[in-house]
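Heads up, the thing below is written out as structure tokens.
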Amino acid sequence: MSMISMRLPDELTNQLDALATATGRTKSFLAGQAIRDYIDRESWQITEITQAISEADNGEFASDQEVNAIGEKWQRHAG
Numbered sequence: 124m125s126m127i128s129m130r131l132p133d134e135l136t137n138q139l140d141a142l143a144t145a146t147g148r149t150k151s152f153l154a155g156q157a158i159r160d161y162i163d164r165e166s167w168q169i170t171e172i173t174q175a176i177s178e179a180d181n182g183e184f185a186s187d188q189e190v191n192a193i194g195e196k197w198q199r200h201a202g
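The numbering used here applies: residue 124 is where the sequence shown begins, and numbers increase by one.
Structure, rendered in structure tokens:
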């Protein structure tokens, strides 16, 4: 397991301390979990963007009819 050091604003450190106390977890655990969640979310987004660009490059677009159908659906539900 690797070790990193980072500087955090005092307010964020205080919030992390409070959360660690409230949950019975260590600050290291919570920080690691937050970083893991961030990396998972960003990785997912990059994968989706890359796939969408590939589909667009291949000409895979929604038809005008499909776009209009979705627009009509949302207009009906918007009331």
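All C-beta atoms, glycine included, are put in the ideal place defined by N, C-alpha and C.
Just so it is clear, the structure is predicted and the values come from calculations on it, not from any experiment.
Per DSSP, what kind of secondary structure is residue i in: helix, strand or coil?
| i | result |
| --- | --- |
| residue 127 | coil |
| residue 185 | coil |
| residue 148 | coil |
Do residue i and residue j have their C-beta atoms closer together than 8 Å?
| i | j | result |
| --- | --- | --- |
| residue 131 | residue 143 | no |
For the segment 136-143 against the segment 153-160, do three or more pairs of beta-carbon atoms, one drawn from each stretch, fall closer than 8 Å, so that the two count as touching? yes
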